[in-house]
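Peer 1: Before I ask anything, let me first share the structure, which is written out below as structure tokens.
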Amino acid sequence: MSEKVNPPRRYDSSRRRAQAARTRQDILDAARDSFVERGFGGTTLSGVAKAAGVAVETIYRSFDGKAGLFCEVVEDASLTRLRPEYEAILDEPDPRRRLAIYAAAQPAVQARIGPLIRVLNEASAADTEIQKISDDLQQQRLAGMERLARLLDEAGVLRAGLTVEDARDVLWTITSNATHDLLVTRRGWTGEHYGAWLGDTLARLLLTD
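Using the UniProt record's numbering, you'd call the opening residue of the sequence shown number 1 and step up by one each time.
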């Protein structure tokens, strides 16, 4: 009598991918908390691993060291978590409304990304690798502001005499974390107040009447 052979176990790749995504998000959340609470220098990968409930080797396999982990945390905060806000901006066909939606989204953007930018600024003075990350992020933000300025120009709503480059620089400056900190952190403005002011200010500086 032949021996019964059990069929091979079906490999559930979707479940494994979902588990890997949850583990990755747990690491990013734990890392964000540590960077904000302890700063870049005070954060250790072993500490992040413990908080996330994973082996430190998992972090080493998944991220390019502490600097690479920090970059991923920033990307998660600014892109993944805020994707609905960005999609609303891109989906809006009216350029004036697009600028207003962008301004209204900034309180949420700053709440997520602002604490990490402060960590970055503090660490970059003493670490050339972190300084490069800071420079790269600023260049990415500048490029994003240029795309928005160019869309306004192509729609014919940019104020007369204002170049795309000048509009880009105005957007880059007015929407910076530094401006947000001056008004919200130091002057005590609410996020709602800041968002309304930002929308009004950008419209007056950039758009035709």
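Cβ coordinates follow ideal geometry from the N, Cα and C atoms, glycine included.
Kindly indicate which three-state DSSP category HIS180 falls into: helix, strand or coil?
Peer 2: HIS180 falls in the helix class under three-state DSSP.
Peer 1: Determine, using beta carbons only, whether ASP127 and PHE40 come nearer to each other than 9 Å.
Peer 2: It is a contact, given that the beta carbons lie within the stated cut-off.
Peer 1: Please name the residue, chosen from GLU122, VAL157, GLU154 and ASP169, that lies closest to ALA143 on a Cα-to-Cα basis.
Peer 2: The option with the nearest alpha carbon to ALA143 is ASP169.
Peer 1: Would TYR60 be called buried (16 or more neighbouring beta carbons within 10 Å of its own) or exposed?
Peer 2: Per the 10 Å Cβ criterion, exposed.
Peer 1: Give the straight-line distance between the Cα atoms of LEU205 and ARG186, rounded to the nearest whole angstrom.
Peer 2: In a straight line, the C-alpha of LEU205 is about 24 Å away from that of ARG186.
Peer 1: Whose C-beta lies closer than 7 Å to the C-beta of ALA103 among residues of the same chain, with five residues either side of it excluded?
Peer 2: These residues qualify, in order along the chain: GLY195, LEU198, GLY199 and LEU202.
Peer 1: Taking just the CA atoms, how far does ILE133 sit from CYS71?
Peer 2: So the two alpha carbons sit approximately 7 Å from each other.
Peer 1: Give me the DSSP bridge partner(s) of LEU205.
Peer 2: LEU205 pairs with nothing; no bridge assigned.
Peer 1: In angstroms, rounded to a whole number, what distance separates the CA positions of ASN177 and GLU154?
Peer 2: Distance between the alpha carbons of ASN177 and GLU154: 27 Å.
Peer 1: Can you give the beta carbon distance from VAL157 to THR208, rounded, assuming they're within the 8 Å contact cut?
Peer 2: Contact holds; Cβ gap of about 6 Å.
Peer 1: Compute the distance between the beta-carbons of GLY42 and ALA111, then report whether it is under 9 Å.
Peer 2: Going by C-beta atoms, GLY42 is not nearer than 9 Å to ALA111.
Peer 1: List, from N- to C-terminal side, the alpha helix (DSSP H) runs of 4 residues or more that fit wholly inside the stretch 94-136.
Peer 2: The qualifying runs are 95-124.
Peer 1: Apart from the five residues on each side of it in sequence, which residues of its chain come closer than 7 Å, Cβ to Cβ, to residue 217?
Peer 2: The structure shown does not extend to residue 217, since the chain spans only 1 to 209, so no value can be given for it.
Peer 1: From this set, PRO115, ALA108, ALA100 and PRO107, which residue's C-alpha is nearest VAL74's C-alpha?
Peer 2: Of the candidates PRO115, ALA108, ALA100 and PRO107, the one whose C-alpha sits nearest the C-alpha of VAL74 is PRO115.
Peer 1: Can you name the start and end residues of the alpha helix (DSSP H) that ASP33 belongs to?
Peer 2: Taken as a continuous stretch (DSSP letters only), the alpha helix (DSSP H) holding ASP33 covers 13-42.
Peer 1: Could you tell me which of THR44, ALA20 and ARG22 sits nearest to ALA31, measuring between CA atoms?
Peer 2: Nearest C-alpha to ALA31: THR44.
Peer 1: Anyone know if the C-beta pair for ALA51 and ASP33 falls short of 9 Å?
Peer 2: Yes, the Cβ-Cβ distance between ALA51 and ASP33 is below 9 Å.
Peer 1: Give me the Cα-Cα distance between VAL48 and LYS66, rounded to the nearest whole angstrom.
Peer 2: Distance between the alpha carbons of VAL48 and LYS66 is about 10 Å.
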